[in-house]
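Report on one structure; see the data block that follows.
Number of protein chains: 2
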Amino acid sequence: MDMQINKEVKIIRNEAFLEKAEALDHPLFEEWVRPVRMVKMVADEAAIHGFRAEALPDSPLETAPLGKGDCVIFDFGRHLVGYPSFELEPVGSPPDAPLYFRLTFAEMPVEAAVDFSAYDGWLSKSWLQEDAFHIDVLPKIFHAERRYSFRYMKLEVIDSSPKYQVKLAHIKVRAVTSADQASLAPLHATRPENRQLDHVSLETLKSCMQSVYEDGPKRDRRLWLGDLYLQAQASYVSFQNVDLVKRCLYLFAGLPDTQGRVPANLFIAPEVRADDTYLVDYALYFMDTLYDYYQHTGEKETVRELWPTAKSQLNFAAEHLNELGIMEDRPYWWSFVDWNPDLSKATPTHGLYLLTLKRAASLAAEFEPALVEELTAKCEMGKQAARDHLYDAPTGFFRSGTDHQISWHSQIWMVLGEVVSKEEGRQLLLRTMRKNPEIGLTTPFAYHFMVEALFKTGLKEEAERMMDTYWGGMIKAGADTFWELFKPDDLNFSPYGSHLINSYCHAWSCTPTYFIRKYQL
Amino acid sequence: MDMQINKEVKIIRNEAFLEKAEALDHPLFEEWVRPVRMVKMVADEAAIHGFRAEALPDSPLETAPLGKGDCVIFDFGRHLVGYPSFELEPVGSPPDAPLYFRLTFAEMPVEAAVDFSAYDGWLSKSWLQEDAFHIDVLPKIFHAERRYSFRYMKLEVIDSSPKYQVKLAHIKVRAVTSADQASLAPLHATRPENRQLDHVSLETLKSCMQSVYEDGPKRDRRLWLGDLYLQAQASYVSFQNVDLVKRCLYLFAGLPDTQGRVPANLFIAPEVRADDTYLVDYALYFMDTLYDYYQHTGEKETVRELWPTAKSQLNFAAEHLNELGIMEDRPYWWSFVDWNPDLSKATPTHGLYLLTLKRAASLAAEFEPALVEELTAKCEMGKQAARDHLYDAPTGFFRSGTDHQISWHSQIWMVLGEVVSKEEGRQLLLRTMRKNPEIGLTTPFAYHFMVEALFKTGLKEEAERMMDTYWGGMIKAGADTFWELFKPDDLNFSPYGSHLINSYCHAWSCTPTYFIRKYQL
């Protein structure tokens, strides 16, 4: 898998759309949060990544004097995104040298337990949340200027001097989110497991809701279409921040390239800017997100304005059809689907293409009726092509790519794309779970679509069980928010070469609340 | 030698004095300075500390794109104290991860050549001038908030991401000083060596002149009485910043303890505060600095106001006289004299006490005539006691302490304290240079008094030769400004366990300009 670096892409800014997006950028909600306890991180083979937090008897509101080499860890009791501050008061003789300390922010205990200098993953080390500061003049009210994503804050005194130490007081965090607690729809679920899944989902969603729907507030802090699609669904049934969905859609629509493609993700600061990565599945999710937006709001103007953008994504996707009318793999990172370098993306992306064509036809009925027939025909042809060329009768599975790979993903997406009937889909999913093809699911993003497919085929019990074991498994392993990555059989899994760089509060993992509230579990 | 930590000291703030000092705090002069070249630091056994700067052909005003692990060093061509700034411009795809870089500021090549993490000196590591920064949003105009003291600025990219690099442009430093170039007295010296010594002295003095006369702008950035005494002398003949001397005297006089002692040094921020260190020689320099101030300005009001403070220091010093009327060592750091843990401070401090008594008597003649007789008598008694009990006839040297230590310092201070006649002093100094007692001089501070003693006894040639070999030796070894410490036979000498932490621009080393201009060399 090679990342895309597209130097030749030219963006045609749609300033009217970008201005609409800008107007929807409302101030964030702020909350001051204090730590609930002090902890130490204890090596524990039974714990995920080998460490767990153990409470200390000390008050979390003020520290004993700290000198060179001393280290304290504050536990805020829940996941926060925000700006810490505290007072630094010297103790002893007047400070005769600057205070030099390091702050480390941890979503998971391991991040506050190990030394980041050993990090050797392939994502930038700059994502690891640590900063060292020299304070030349004490006392000092320290306000962090950078935003951090964390439950634990570690402070290490690198050096003070033999003549003085330092005390911390008034430790707090200005936590920020665009999720309005007052708008939260009531939860009717009574099953404790579901109430807990819902709670952790909302904590996740809340931390990811900033001036856009971010993928992860620790990393990449960016607006990705795949995450947006799921976040919007979760938001409609919970915090109901419709403006934020609309803002994000306008942002993407404001930055098409010359072929009308929307990028897989956007950078927001210093000004909104398209990344030079184009992914077919993410482009299709633009249409799907617009479809959901219309289902939820019934608001026509936005759909009318963004409809041409959405259509362009279908064209972009269609470029990847081969002469048999089936999606074909590319030797670069052309479609996401899941974090798995061995995965053939062709058949899963084909299934998404079909689902999106169906939804496009539904929108077209209202916004461009002349197109309904063509879209419907394309959808039906695509289904037939899949049945003719992708189904492997001897095994009863759908294949993908030139190597005829049989993956979980291909079965899920043939179901979601309605290549098979509901009953065939049900059997296909049960067969998949029973036979367990080697190419399995690695991210909550991929699991989401499996659960969606289970619900779609009436396998509600299996869907709930999968939520219990998968997302519930994260909670058992200590999740305060749902993680970017979770492989129950490999808790140290990271596609980036180090679990330290994984995001442990990730938008695409927040969907249990969507299932629980939509299917009234 | 144990540092003093005096928890029980109580300071009696003299607010009127502190307000006078505050009113004399004028705005600093500012100058924007650009780098003159880029360099790399090359290992070289012949160079001090094993490294020298070698010019690169690249333009110093803009860099090639820099990625992970890249490092550039800018040479500003001279020593500066100030705030660097530069523009960071991303190159390549949009920055998909924060930029993480480290700045290191170096007065000497070695500081930009080695990794500070190996530092194990006993002064706080926090003095080493390095800071790492995460830049979340690019492009960025970076302005350092901390003040640094340096000639070289090293920038290392710890990480960017595989998708982008970063270019630096518009690199500059806002250099600050309270030395007014327009007030600089003309230099009449023609000998090139003296012109160069004068130039480096002024560069040193200028960098140390901030809102107070700092000892060293890298470390400790503090107002020490010993440094002030010499800086004031150098300033009278060059930048003539009389207000700054007056301000510093009022600051010290504003913070006596209950016994009227002035501390050896003051902290300036967040508000002026006394350090809990009391040194007999430094306390005496208060009187000496006031004496010089009056000689230079003839301004009576200040002397009248500060006379009681100055007198108290004599009393403080007198507490250290034994029953023979001679200064006696203490088992703690009671007097400075020089950086040498083996040095007995008793006799050198006795000499300074006598010199100060003489000057006190001179001031008393104008400001408290009733006291002249007593001061003069004390001075004469002290001289007699020294002659009776400190002189070692067999060797022809003065001894110090219970071990009868023979040091350079004792001979110098017996001359400066006028325990011996001018001719005796001349012979004593010549004998000292010839016999070279083992306990020698380690700092420019101590060398200053040797040179002063040589001039005092008419040994002008020897004085000039010592300036040439000692301060000139620093220049030969690469000094842009004169150093805190210089032992010609041990270029790696540091009293702090590491030459990395030495200050290479230090107030007490700036006095060649004083000698050159005072004695019209």
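Quick note, the sequences are listed as chains E and P, same order. The first sequence lines up with residues 27 to 547 when you count with the numbering used here. The second sequence lines up with residues 27 to 547 when you count with the numbering used here. Even glycine gets a Cβ: it sits at the ideal position worked out from N, Cα and C.
L454 (chain P) and E345 (chain P) have their C-alpha atoms roughly 29 Å apart.
Close to L125 (chain E), with beta-carbon spacing below 7 Å, are these residues of chain P in chain order: S152. Taking V35 (chain P) as the centre and dropping the five residues before and after it, the same chain places the C-beta of D283, D302 closer than 6 Å to its C-beta, in chain order. Between K66 (chain E) and E80 (chain E), the C-beta gap is smaller than 8 Å, which places the two residues in contact.
At the C-beta level, G76 (chain P) and V136 (chain P) come within 8 Å of one another. Here S233 (chain P) really is in contact with H105 (chain P); their C-beta atoms are around 5 Å apart, less than 8 Å. DSSP lists E:V199 as the bridge partner or partners of P110 (chain E). In the structure shown, G103 (chain P) falls within a strand segment according to DSSP collapsed to helix, strand and coil. Contact between the segment 271-282 of chain E and the segment 217-224 of chain E is absent: fewer than three C-beta pairs spanning the two stretches fall below 8 Å.
In the three-state reduction of the DSSP assignment, P116 (chain E) falls in the strand class.
Proximity of A390 (chain E) to chain P, defined by a Cβ-Cβ separation below 8 Å, is not satisfied. DSSP, read as helix, strand or coil, puts Y145 (chain E) in coil. Remark: C-beta atoms of Y262 (chain E) and H322 (chain E) approach each other more closely than 8 Å.
Counting along the chain, H169 (chain E) sits inside the beta strand (DSSP E) bounded by residues 166-169. In this chain, the alpha helix (DSSP H) harbouring A472 (chain E) covers 470-482.
Segment contact: the segment 459-469 of chain E against the segment 507-526 of chain E, three or more CB-CB distances shorter than 8 Å; contact assigned.
Below the 8 Å Cβ cutoff, chain P contributes K151, S152 as neighbours of I184 (chain E), in chain order. Residue-level contact by beta carbon fails for P83 (chain E) and chain P, as no gap is shorter than 8 Å. Taking 8 Å as the threshold, the shortest C-beta distance from V163 (chain E) to chain P falls below it. Taking every protein chain shown into account, the CB of N528 (chain E) has 16 or more other CB atoms within 10 angstroms, so this residue is buried. E156 (chain P) and S143 (chain E) have their C-alpha atoms some 17 Å from each other. For Y545 (chain E), the secondary structure class from DSSP, reduced to helix, strand or coil, is coil. As the crow flies, the alpha-carbon of Y311 (chain E) is around 19 Å from that of L231 (chain E). In this structure, L517 (chain P) keeps its C-beta atom at 8 Å or more from the C-beta atom of I161 (chain P). For W250 (chain P), DSSP records a beta bridge to P:N291. Per DSSP, R491 (chain E) is one residue of the alpha helix (DSSP H) stretching across 486-502. Between I432 (chain P) and D418 (chain P), the beta carbon gap of about 7 Å places them in contact (Cβ cut-off 8 Å).
Distance check between A201 (chain P) and each of P:Q546, P:V398, P:V98, P:G108 places P:G108 closest, using alpha-carbon atoms only. Put simply, the CB of H225 (chain E) is far from chain P, with every gap to its CB atoms at 8 Å or more.
Think of a sphere of 9 Å around the beta carbon of P296 (chain E): the chain P residues whose beta carbon falls inside it are V163, L164, P165, K166, in chain order. CA-to-CA, the gap between H435 (chain E) and F131 (chain E) works out to about 35 Å. DSSP links H435 (chain P) through a beta bridge to no other residue. The C-alpha of E327 (chain P) lies about 59 Å from the C-alpha of S152 (chain E).
According to DSSP, Y417 (chain E) shares a beta bridge with E:F424.
Proximity of A90 (chain E) to chain P, defined by a Cβ-Cβ separation below 8 Å, is not satisfied.
Listed along the chain, the chain P residues whose CB falls inside 8 Å of the CB of H525 (chain E) amount to none; the nearest CB is some 17 Å away.
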